[in-house]
Amino acid sequence: MPVSQANSRAVYAALKSCGIRLLSALPETWLVHLIRMAEDDPEMTLVRLAKEEEGVGISAGAHFAGVKSAMLMQNHGFLASINGIVSFAQLYRIPLLMIVSYRGHFGERDPWQTQGGAVTEPLLRALGIPYAFLDDPEKVAQRIAEAQTWAYASLHPAALLLTRQLMWEEPAP
Amino acid sequence: MIERIECLRAIYPSLDDCLVITIMGAVACELQSLGHRPNFFYLQHAMGLASSTGLGLALCLPDRKVVVFDGDGSVLMNLGGLSTLARYRPANLVHVIFDNETLLSVGGFPTATATGADLEGIARAAGIPQTATVRTLEEFTAAFGAAMATDELSCMVAKVAPVGPKAYVTGLVLLENRFQFQRHIENLRVKQAK
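Line order of the protein sequences matches chains A and B.
Just so we're aligned, residue 64 is where the first sequence starts under my numbering, counting upward by one.
Just so we're aligned, residue 820 is where the second sequence starts under my numbering, counting upward by one.
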């Protein structure tokens, strides 16, 4: 599977060094290594979801308990979570950190991902959720740390988009 | 048929030491009418996520009992959440579902439990180890006491009358409640660490 292990490791290490100890996740191709790393890490509580929106409640509960968390999901999972994001995380000022695989954008071959890809950024903007791209392994740690810092300072959701450049290693033809 | 507020009144004194999450609407209003406490958090929207919030709390604070007061309309919006609860089975979580078979605060339209959906059956089939359905105040109090005493995840469905308060907005500001609740937990942790 041409999902970058090295870059997944960089993302996971960055989440750990930000003090994140709970991850909610729903599997998707680009997230496989990240989820396995969380599975194998005795310091991490991994909560496997039936639907991504549950992760908003779980992260809010963790925040109330003083535990730093993040949601690992595909952008379609972000779409599925919007009511929870608005009517819990935004209504109640929860510093929700969302790590979102940005499927369906340029370079995507799976037709079923493309509509979600086209609306992800417009929706984040409409919701007033600041976001940054994780596209350069050298900058992953800094971008995640900065997003988390902002989320806690503002008590507001923030999103990081895992891009194709970072996550996908195109096999040689 | 029993009323939800009678149930809440009967167990109110036993909510002292736990963390309580409620859904919006009548449950939040009625619990507040009995007396708000800093260990109560009322999720005044995001229907379906009260149990997920309880799960996050229960996993992060395994030594603290967490009680979720849910409703049929909310649970039906997040049935998958029951399977997630069952997957992690936090021993310190008590899930109470008040089932009045309606969406009371928005006109009283019937939910699917009015036509036979059995939430206890769904919870049991999802893998929740302790489940019950209760219809009297005695049954409710006994089942709640057993759920608080047991070291297993439990889900109890209380069949209640579709009645509630006249109005749903209370004097407690949402954010005041949220920050007070978080501060309360922080104080508990500080006390525990000493």
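Don't be surprised by glycine CBs; every beta carbon is placed ideally from N, CA and C.
Please read these numbers as outputs of a predicted model, since none were measured by experiment.
Worksheet entry | Collapsed DSSP secondary structure at Met136 (chain A) in the structure displayed | strand
Discussion item. Can you tell me whether Gly935 (chain B) is buried or exposed? The criterion is at least 16 other CB atoms within 10 Å of its CB, across all chains shown.
Written reply: exposed
Worksheet item: What did DSSP end up calling Thr934 (chain B) once you bin it into helix, strand or coil?
Response: helix
Worksheet item: When we look at the beta-carbon of Asn911 (chain B) and count the other beta-carbons within 10 Å, is it buried (16 or more) or exposed?
Response: buried
Worksheet item: Taking the Cβ atom as the reference point for each residue, do Pro185 (chain A) and Ala221 (chain A) lie within a distance shorter than 8 Å?
Response: no
Worksheet entry | Sequence ranges, alpha helix (DSSP H) only - wholly within the segment 89 to 151 of chain A, length at least 4 | 95 to 102, 117 to 127 and 138 to 143
Item to complete: Take Gly892 (chain B) and list the residues in its own chain whose beta-carbon comes closer than 7 Å to its own, dropping the five residues that flank it on each side.
Response: Met866, Leu922 and Thr930
Discussion item. Is His855 (chain B) close to chain A? Criterion is C-beta to C-beta, closer than 8 Å.
Written reply: no
Worksheet item: Got a sec: is the Cβ-Cβ distance from Leu70 (chain A) to anything in chain B below 8 Å?
Response: According to the sequence shown, residue 70 (chain A) is Asn rather than Leu. Judged by the 8 Å Cβ criterion, Asn70 (chain A) is not in contact with chain B.
Discussion item. Helix, strand or coil, according to DSSP, for Cys1014 (chain B) in the structure here?
Written reply: Outside the displayed range of chain B (820 to 1013) lies residue 1014 (chain B), so it cannot be described from this structure.
Discussion item. Please return the same chain residues whose Cβ sits closer than 7 Å to the Cβ of Thr955 (chain B), not counting the five positions on each side in sequence.
Written reply: Ile821
Fill in: Proximity test, Cβ basis, 8 Å: Phe141 (chain A) and chain B
no
Item to complete: Please confirm if Glu1005 (chain B) has its CB atom under 8 Å from at least one CB of chain A.
Response: yes
Worksheet item: Comparing alpha-carbon positions, which option in A:Gln178, A:Ser132 and A:Leu223 lies nearest Glu209 (chain A)?
Response: A:Leu223
Practice prompt. Could you name the residues that DSSP lists as bridge partners for Tyr861 (chain B)?
Written response: B:Thr841
Discussion item. If contacts are defined as beta-carbon pairs under 8 Å, then Leu154 (chain A) and Leu993 (chain B) qualify, I think. What distance do you get, rounded to the angstrom?
Written reply: 7 Å
Worksheet item: If we ignore side chains and look at the alpha-carbon of each, how far apart do Gly946 (chain B) and Glu201 (chain A) end up?
Response: 44 Å
Worksheet item: Any idea what DSSP makes of Val992 (chain B), helix, strand or coil?
Response: coil
Fill in: Contact residues within the segment 878 to 902 of chain B, judged by C-beta distance below 7 Å to chain A
Leu878, Cys879, Leu880, Asn897, Gly899, Gly900 and Ser902
Worksheet item: Applying the criterion that 16 or more other CB atoms from any shown protein chain within 10 Å of the CB defines a buried residue, is Trp231 (chain A) buried or exposed?
Response: buried
Worksheet item: Could one say the Cβ of Thr1028 (chain B) lies closer than 8 Å to chain A's Cβ atoms, at least one of them?
Response: Since the first residue of chain B shown is 820 and the last is 1013, residue 1028 (chain B) is not available in this structure.
Discussion item. Taking DSSP's pairing of strands, which residues face Ser80 (chain A) in a bridge?
Written reply: In the DSSP output, where bridge partners are listed per residue, Ser80 (chain A) has none listed.
Worksheet item: Name the DSSP beta bridge partners of Gly890 (chain B), please?
Response: B:Phe917
Worksheet item: Is the CB-CB distance between Ala237 (chain A) and Leu880 (chain B) below 8 Å?
Response: What the structure shows of chain A is the stretch from 64 to 236, and residue 237 (chain A) is not part of that stretch, so it cannot be assessed.
Practice prompt. Please name the residue or residues paired with Val66 (chain A) in a DSSP beta bridge.
Written response: A:Trp231
Worksheet item: With DSSP run on the structure shown, which of helix, strand or coil describes Pro185 (chain A)?
Response: helix
Discussion item. So, under 8 Å CB-CB, Leu876 (chain B) and Leu838 (chain B) are touching, yes? Tell me the CB distance rounded to an integer number of Å.
Written reply: 6 Å
Item to complete: With DSSP as the reference, label Met896 (chain B) as helix, strand or coil.
Response: coil
Item to complete: With DSSP as the reference, please indicate the residues paired to Ala204 (chain A) in a beta bridge.
Response: DSSP output for Ala204 (chain A) lists no bridge partner at all.
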